[in-house]
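J.: Below is the structure I would like to discuss, written out as structure tokens.
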Amino acid sequence: MRMIQLAFLNFKNSFKSYLSLIISLSFTILILYNFQNIIYSEAFAVLGQHNKEYIDMLIQVVTIVLLCFMFFFLWYATNVFLTRRKHEIGIYIFMGMTNRKIASLYLIEISFVGVTALVIGIGFGGLFAGLFQMILGAVSETEINVKFGIFPRAVIFTAVTFLIMYLIFSWKGYWNIVHSSVLSMISAARQNEYVHRKNSILCIKALLGVTVTVIGYYLANRGGKQGVMENALLAVVLVIVGVYLLFGGLIPLIFQTLSRQKSFLYSGQRCLWINQMIFRMRKNYRTYAMVAIMGICSATALATGFAMKERYHNMILFDNKYTFQLLTNQSNLGERAAELIQKEVDIACQTSLPVLSPDADHLVVSYSDITRVTQEAGGLFPFTAPIENEAFYLSHQVLISFRLSEEILPVTLGDETFLEVGTVRQPCLGYMQREMGCFYVVSDSAFKHMKEHSAILYIHNYKIADDTAFERARAAVDVLISNTDENFTARVAVDPFDNELEWVKVLHSLCIFMFLVFIVAGGCIMFMKLYNDSFEERERYLVLKKLGFSSQTLTKSIAHELVSAYVLPFVVMTVSTYFSVHALGIMMYTDLFSVYAVSTIVVMVVFALGCMFSVLVYRRNVGVKAS
Numbered sequence: 025m026r027m028i029q030l031a032f033l034n035f036k037n038s039f040k041s042y043l044s045l046i047i048s049l050s051f052t053i054l055i056l057y058n059f060q061n062i063i064y065s066e067a068f069a070v071l072g073q074h075n076k077e078y079i080d081m082l083i084q085v086v087t088i089v090l091l092c093f094m095f096f097f098l099w100y101a102t103n104v105f106l107t108r109r110k111h112e113i114g115i116y117i118f119m120g121m122t123n124r125k126i127a128s129l130y131l132i133e134i135s136f137v138g139v140t141a142l143v144i145g146i147g148f149g150g151l152f153a154g155l156f157q158m159i160l161g162a163v164s165e166t167e168i169n170v171k172f173g174i175f176p177r178a179v180i181f182t183a184v185t186f187l188i189m190y191l192i193f194s195w196k197g198y199w200n201i202v203h204s205s206v207l208s209m210i211s212a213a214r215q216n217e218y219v220h221r222k223n224s225i226l227c228i229k230a231l232l233g234v235t236v237t238v239i240g241y242y243l244a245n246r247g248g249k250q251g252v253m254e255n256a257l258l259a260v261v262l263v264i265v266g267v268y269l270l271f272g273g274l275i276p277l278i279f280q281t282l283s284r285q286k287s288f289l290y291s292g293q294r295c296l297w298i299n300q301m302i303f304r305m306r307k308n309y310r311t312y313a314m315v316a317i318m319g320i321c322s323a324t325a326l327a328t329g330f331a332m333k334e335r336y337h338n339m340i341l342f343d344n345k346y347t348f349q350l351l352t353n354q355s356n357l358g359e360r361a362a363e364l365i366q367k368e369v370d371i372a373c374q375t376s377l378p379v380l381s382p383d384a385d386h387l388v389v390s391y392s393d394i395t396r397v398t399q400e401a402g403g404l405f406p407f408t409a410p411i412e413n414e415a416f417y418l419s420h421q422v423l424i425s426f427r428l429s430e431e432i433l434p435v436t437l438g439d440e441t442f443l444e445v446g447t448v449r450q451p452c453l454g455y456m457q458r459e460m461g462c463f464y465v466v467s468d469s470a471f472k473h474m475k476e477h478s479a480i481l482y483i484h485n486y487k488i489a490d491d492t493a494f495e496r497a498r499a500a501v502d503v504l505i506s507n508t509d510e511n512f513t514a515r516v517a518v519d520p521f522d523n524e525l526e527w528v529k530v531l532h533s534l535c536i537f538m539f540l541v542f543i544v545a546g547g548c549i550m551f552m553k554l555y556n557d558s559f560e561e562r563e564r565y566l567v568l569k570k571l572g573f574s575s576q577t578l579t580k581s582i583a584h585e586l587v588s589a590y591v592l593p594f595v596v597m598t599v600s601t602y603f604s605v606h607a608l609g610i611m612m613y614t615d616l617f618s619v620y621a622v623s624t625i626v627v628m629v630v631f632a633l634g635c636m637f638s639v640l641v642y643r644r645n646v647g648v649k650a651s
């Protein structure tokens, strides 16, 4: 009982020191709980079973990512906690306490931290669950059934998952204390400090880091080549390894080189913070690399979300270009269908297109016909007329596809061979173009020649003026088909109110949310690292003040040191993100530069705020008052 009281007293007295850790853990728990709450609340059930299944799957994927992040964050946070406490723990040994009792005290104390974070996280998670659903629905532009309240299954999943992870790392700290010596605990703050490495080792790591990173950038931007997915995955691995090596080799080498330049070192207050950056680089570079990698991955995920949303809108354009489409072997059926539809609703647009079927796998249209149909539907065909042996491919639009080749390849249409010199990605033929994916555009003369030995079909397209009359119009078309003896090759009826791709908009909003979460988390990790370092630096700054350095000078030194700490991962993150986002844009035929620019600005704002706050807290903790 006395042990619990002592642990609680320590927790109470050090609550301010633990506040950043508790807030960070609570934030992680809050996010995890709200995602689980969405599943169990059935908030997206109104979108239909198909969309709900996909949304639940997406949330489960996000949950796995969050759990991985939580695992790593708990490992980092508990290590910070243990490092902070080891010096005090070493003093307990001089007071006659055994390692096992001290470890038990630590275990109870850190349990208070975890339980407090869990209660706060789930409490605020339940309080803001409805608001979270509304924000997610607003960002995704979907109507959801917002449900307020706390769902027991979501609470149980979040609590059990967090406690299991937290107990694992708490027990790791317990074991560490039991098997630690007095000297190691008293000097814990100095054990991981930078040991001067030979320039040769740093040069090797720097050279490897630059080489691996450049190769990763090259593979990522090797658009238009075969094996794009393999290259992309390899590029991801190489960039991650490269970033780690850059922070472990190149950056320490730069700082060590600068420290040897007296003209640079003794300019201003650089001698106060450059050496300190070098002194702590071995411990800090892992944190910097981790934050940079988190930023790269989160920005790339954000770009993926935007690219997928653009694909979604393109697919909607394809689907809703026309309401009804008939592929038949009779040219006069178009007017008969139009008359029946016109009885129910006005037709906003009606087109008809002759199509050749030279073989079982391809359909061919003439350049003049496709140009005419496109103009009648209010669009423009993007290419000039092909020559005799050239053909354009009317691309079908799918949700996930990548640029695989830019080569001009031959295509055999019936008995003739053409060069595929261009791809049309706009919806000239609507849903039928997207689903069939076998249309080619040839010159008028080539079409006329192929017409002599090819079967001829007709595509009749209709766009109704009032979507609410869709069901009546579809019934009329169905009556026509049932009373017609001809062989329909295809019939399309696009319900404007039946969208099975609503989940893509939710994916887009989840990507935005995950980007913000991981960027804020990266800022929190940086803050926690610097916050912990500030307690270790209190003695050094006391000495500097005794030597006569003014508070203004020390404040500038602190600012320079902490700004460097935030700028280093930001620069690496910004450069690497540009290449990754650019590569993604190339592969998915999407201009994502605006996404890159916005993500960079967001990261800069978050890091700037984190840096300003870190300077204030750091200065307070080391005892440097504002001048």
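All letters in the sequence shown, in the order written, are residues 25 to 651 by this note's numbering.
Ideal placement from N, C-alpha and C gives every residue a C-beta, glycine not left out.
Which residue comes first and which comes last in the alpha helix (DSSP H) that contains ILE371?
T.: Translated into the one-based positions of the sequence shown, residue 371 becomes position 347. Element bounds for ILE371: not the alpha helix (DSSP H) but the beta strand (DSSP E), 371 to 381.
J.: Shortest alpha-carbon distance to ALA401 belongs to which of GLY154, LYS345, VAL435, GLN576?
T.: Mapped onto the sequence shown, residue 401 falls at position 377. When only C-alpha atoms are compared, the closest one is LYS345.
J.: Per DSSP, what kind of secondary structure is GLN215 in: helix, strand or coil?
T.: Along the sequence shown, one-based indexing puts residue 215 at 191. Low confidence applies to GLN215: its pLDDT is 48, below 50, so where it sits in the model is not reliable enough to give any reading.
J.: Could you spell out where the alpha helix (DSSP H) holding PRO593 opens and where it closes?
T.: Taking the first residue of the sequence shown as position 1, residue 593 is located at position 569. It spans 575 to 611 - the alpha helix (DSSP H) in which PRO593 sits, taken as one unbroken run.
J.: Does the separation of the CB atoms of VAL641 and TYR565 fall below 8 Å?
T.: Translated into positions along the sequence shown, residue 641 becomes position 617. Translated into positions along the sequence shown, residue 565 becomes position 541. Taking 8 Å as the Cβ cut-off, VAL641 and TYR565 do not qualify as a contacting pair.
J.: Buried or exposed for GLN285, going by 16 or more other Cβ atoms inside 10 Å?
T.: As a working mapping, residue 285 is identified with position 261 in the sequence shown. GLN285 is exposed by the Cβ-count criterion.
J.: Roughly how many angstroms separate the alpha carbons of MET636 and VAL448, rounded to a whole number?
T.: For the purposes of this step, residue 636 is taken as residue 612 along the sequence shown, with counting starting at 1. For the purposes of this step, residue 448 is taken as residue 424 along the sequence shown, with counting starting at 1. For MET636 and VAL448, the distance between alpha carbons rounds to 51 Å.
J.: Decide if MET456 is buried, meaning its Cβ has at least 16 other Cβ atoms within 10 Å, or exposed.
T.: Locating residue 456 in the sequence shown gives position 432, counting from the first residue. Result: buried.
J.: Kindly list the residues whose CB is nearer than 6 Å to the CB of VAL219, restricted to its own chain and excluding five residues on each side of it in sequence; keep chain order.
T.: Counting from 1 along the sequence shown, the entry for residue 219 is found at position 195. Low confidence applies here, because VAL219 scores a pLDDT of 44, under 50, leaving its location unreliable; read the following figure in that light. So no residue of the chain qualifies.
J.: Suppose the cutoff is 7 Å on Cβ atoms and the five residues either side in sequence are ignored; what does the same chain contact list for HIS386 look like?
T.: As a working mapping, residue 386 is identified with position 362 in the sequence shown. Excluding positions up to five away in sequence, the list reads LEU437, CYS462, TYR464.
J.: Less than 8 Å between the C-beta atoms of VAL139 and MET552, yes or no?
T.: Taking the first residue of the sequence shown as position 1, residue 139 is located at position 115. Taking the first residue of the sequence shown as position 1, residue 552 is located at position 528. Their beta carbons are not under 8 Å apart, which means VAL139 does not touch MET552 by this criterion.
J.: Compare the C-beta of TYR190 against all C-beta atoms of chain B and say whether one is closer than 8 Å.
T.: Protein chain content of the structure displayed is limited to a single chain, and chain B is not contained in it.
J.: Just checking, does the region 125 to 143 make contact with the region 27 to 38 on the three C-beta pairs under 8 Å criterion?
T.: Touching, yes.
J.: Rounded to a whole number of angstroms, what is the C-alpha to C-alpha distance between THR352 and LEU364?
T.: Counting from one through the sequence shown, the residue named residue 352 turns up at place 328. Counting from one through the sequence shown, the residue named residue 364 turns up at place 340. Roughly 17 Å separates the two Cα atoms.
J.: On the DSSP bridge list, what partners appear for SER390?
T.: The count along the sequence shown starts at 1 and reaches residue 390 at position 366. BP columns for SER390 point to VAL466.
J.: Please report the distance separating the alpha-carbon of SER283 from that of GLN300.
T.: As a position in the sequence shown, residue 283 is number 259, starting the count at 1. As a position in the sequence shown, residue 300 is number 276, starting the count at 1. Cα to Cα, the separation comes out at about 10 Å.
J.: Between which two residues does the alpha helix (DSSP H) harbouring LEU357 extend?
T.: Against the sequence shown, residue 357 aligns to sequence position 333. Run containing LEU357: 357 to 368, per the alpha helix (DSSP H) assignment.
J.: Is DSSP giving LYS529 helix, strand or coil here?
T.: As a first step, residue 529 must be located in the sequence shown, where it is residue number 505. Helix.
J.: For ASN245, which residues in the same chain have their Cβ closer than 8 Å to its Cβ, ignoring the five residues on either side in sequence?
T.: Locating residue 245 in the sequence shown gives position 221, where the first residue counts as 1. Once the five neighbours on either side are set aside, the close Cβ partners of ASN245 are PHE603, HIS606, ALA607, ILE610.
J.: From the DSSP output, read off the bridge partner residues of ARG515.
T.: Position 491 of the sequence shown, counted from the first residue, corresponds to residue 515. In DSSP, ARG515 forms a bridge with LEU350.
J.: When you compare each of SER581, ILE582, ALA545, LEU30 to SER322 by their alpha carbons, which one comes out closest?
T.: As a first step, residue 322 must be located in the sequence shown, where it is residue number 298. Per the Cα distances, ALA545.
J.: My output table needs one value for GLY647: the three-state DSSP class, helix, strand or coil.
T.: For this step, residue 647 is matched to residue 623 along the sequence shown. In the structure shown, GLY647 sits in coil (DSSP, three-state: anything other than H, G, I, E or B).
J.: Would you list the residues sitting across from LEU418 in a DSSP beta bridge?
T.: One-based indexing of the sequence shown puts residue 418 at position 394. Beta-bridge pairing links LEU418 to VAL448, PHE463.
J.: Suppose you measure from the CA of PHE279 to the CA of PHE271; what does that come to, to the nearest Å?
T.: Taking the first residue of the sequence shown as 1, we reach residue 279 at position 255. Taking the first residue of the sequence shown as 1, we reach residue 271 at position 247. The straight-line gap from Cα to Cα measures roughly 11 Å.
J.: Helix, strand or coil for THR324 per DSSP?
T.: As a first step, residue 324 must be located in the sequence shown, where it is residue number 300. Three-state DSSP puts THR324 in a helix.
J.: Pick from HIS532, ILE298, LEU571, CYS548: whose alpha carbon is nearest that of TYR162?
T.: Looking up residue 162 in the sequence shown gives position 138. The question names Tyr, but residue 162 in the sequence shown is Ala. Per the Cα distances, HIS532.
J.: Determine the direct distance from the alpha carbon of CYS535 to that of GLU334, and round the result to whole angstroms.
T.: To locate residue 334, count along the sequence shown from 1; it is residue 310. To locate residue 535, count along the sequence shown from 1; it is residue 511. Roughly 14 Å between the two C-alpha positions.
J.: Do you know offhand how far ASP80's Cα is from VAL369's?
T.: Indexing the sequence shown from 1 puts residue 80 at position 56. Indexing the sequence shown from 1 puts residue 369 at position 345. One C-alpha to the other measures close to 38 Å.
J.: Over what stretch of residues does the alpha helix (DSSP H) that includes LYS570 continue unbroken?
T.: Translated into the one-based positions of the sequence shown, residue 570 becomes position 546. Counting along the chain, the alpha helix (DSSP H) containing LYS570 begins and ends at 562 to 570.
J.: Report the option in TRP99, ASN169, GLY145, VAL89 whose CA atom is closest to the CA atom of SER194.
T.: Sequence index remark: in the sequence shown, residue 194 carries index 170 (1-based). Nearest of TRP99, ASN169, GLY145, VAL89 to SER194, Cα basis: TRP99.
J.: In the structure shown, what three-state DSSP assignment does THR398 receive?
T.: Within the sequence shown, residue 398 is the residue found at index 374, counting from 1. Three-state DSSP puts THR398 in a helix.
J.: For HIS337, name the three-state secondary structure that DSSP assigns.
T.: Against the sequence shown, residue 337 aligns to sequence position 313. If DSSP states are grouped into helix, strand and coil, HIS337 belongs with the helices.
J.: Which stretch, first to last residue, makes up the beta strand (DSSP E) that contains VAL435?
T.: On the sequence shown, position 411 is the one that residue 435 refers to. Segment 433 to 437, the beta strand (DSSP E) holding VAL435.
J.: Give the range of the alpha helix (DSSP H) segment to which ALA479 is assigned.
T.: Mapped onto the sequence shown, residue 479 falls at position 455. Note, ALA479: premise wrong, no alpha helix (DSSP H); beta strand (DSSP E) at 479 to 488.
J.: When DSSP labels each residue in this structure, what does PHE271 get in the three-state scheme?
T.: Position 247 of the sequence shown, counted from the first residue, corresponds to residue 271. If DSSP states are grouped into helix, strand and coil, PHE271 belongs with the helices.
J.: Should GLY454 go down as buried or exposed, given a rule of 16 or more other Cβ atoms within 10 Å for buried?
T.: For the purposes of this step, residue 454 is taken as residue 430 along the sequence shown, with counting starting at 1. GLY454 should be labelled buried.
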